[in-house]
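Here's the structure we're looking at; comments come further down.
Residue numbers (the numbering used here): 45 to 257.
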């Protein structure tokens with residue numbers, strides 16, 4: 045039995061490294077032909093905090109009080125076995141229309157051109173009804189038939205009754221099945237095991253799209 049608390053951990057982190065960021069459509073991306081898991085969500089949904097919890101590192105992904113801080117498609121190598129792709133946060137009203145358009149272009153360019161993607165972890169805020177941007181993103185992923193798991197963040201901010209109502213509302217609004225939605229909290233760690241198990245399951249699956257000959 046392991047004495048370091050990792051015996052029952054579906055995702056034990058041994059090595060992490062930041063590979064770089066894609067700042068413009070058609071720009072740099074890693075040479076490594078490793079499977080990829082992308083993470084998408086509205087600005088200020090708690091994406092950086094969830095990533096830190098997932099990899100059990102406090103400062104792995106920078107946590108900022110300024111929404112819209114992630115402005116590139118960032119690539120992080122995990123255990124020299126797969127890559128986490130941190131997509132730009134969307135829907136921040138104070139960002140210029142041109143910048144929002146550029147971020148959408150970056151995400152679209154990545155999702156349409158990657159041949160290593162295994163699935164997307166899409167984040168929704170437990171305290172808010174899914175926005176038009178959220179629903180557009182989920183519809184976009186569904187149209188492209190990309191395997192998607194939804195993590196409902198900041199669930200610890202709600203009481204028992206409100207939590208139940210929020211999860212039911214999100215499932216109803218998005219039309220998702222119950223097994224596609226995981227309640228999560230970066231503060232308490234709730235949902236970390238379920239998300240890690242889902243990530244490992246996606247990594248074992250073949251790429252959702254074959255490389256172009």
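Backbone N, C-alpha and C fix where the C-beta goes; we use that ideal spot for every residue, glycine too. All values derive from a computational prediction rather than experimental measurement.
Using DSSP bridges, identify the partner residues of residue 169. 197
Residue range of the beta strand (DSSP E) that residue 241 falls in? Taken as a continuous stretch (DSSP letters only), residue 241 belongs to no beta strand (DSSP E), being part of the alpha helix (DSSP H) at 236-248.
Alpha carbon to alpha carbon, what distance is there between residue 76 and residue 223? 31 Å
Sequence-distant residues of the same chain with beta carbon closer than 6 Å to residue 123, five excluded per side: For residue 123, where only same-chain residues beyond five positions count, the Cβ hits under 6 Å are 58, 59.
Taking only runs that begin and end inside the segment 80-133, name each unbroken alpha helix (DSSP H) of 4 or more residues, in chain order. 91-99
Within 10 angstroms of its Cβ, does residue 62 collect 16 or more other Cβ (buried), or is it exposed? exposed
Buried or exposed for residue 118, going by 16 or more other Cβ atoms inside 10 Å? buried
Three Cβ pairs or more, each shorter than 8 Å: is that satisfied between the segment 208-218 and the segment 128-135? No, because fewer than three Cβ pairs between the segment 208-218 and the segment 128-135 fall closer than 8 Å, the two stretches do not touch.
Would you check if the segment 73-89 and the segment 148-160 touch, i.e. whether three or more CB-CB distances between them fall below 8 Å? yes
Quick one: what does DSSP say residue 78 is sitting in, helix, strand or coil? coil
Beta-carbon within less than 6 Å of residue 242's beta-carbon, same chain only, minus the 5 sequence neighbours each way: which residues are those? 193
Kindly indicate the opening and closing residues of the beta strand (DSSP E) around residue 220. Here residue 220 belongs to no beta strand (DSSP E), and DSSP marks it neither H nor E.
Endpoints, alpha helix (DSSP H) assigned at residue 60: No alpha helix (DSSP H) contains residue 60, which is instead part of the beta strand (DSSP E) from 60-66.
Given this structure, state the Cα-to-Cα distance separating residue 240 from residue 233, to the nearest angstrom. Straight-line measurement puts the Cα of residue 233 at about 12 Å from the Cα of residue 240.
Whose C-beta lies closer than 6 Å to the C-beta of residue 121 among residues of the same chain, with five residues either side of it excluded? 61, 63, 127
Under the rule that 16 or more other beta-carbon atoms within 10 Å means buried, what is residue 208, buried or exposed? exposed
Is residue 235 near residue 169, with beta carbons less than 9 Å apart? No, Cβ-Cβ distance for residue 235 and residue 169 is not below 9 Å.
Which residue comes first and which comes last in the beta strand (DSSP E) that contains residue 227? 225-227
Note down the Cα distance separating residue 99 from residue 205, rounded to an integer number of angstroms. Cα to Cα, the separation comes out at about 30 Å.
Locate the alpha helix (DSSP H) running through residue 258, then write down its first and last residues. Nothing about residue 258 can be reported from this structure: the residues present for the chain run from 45 to 257 only.
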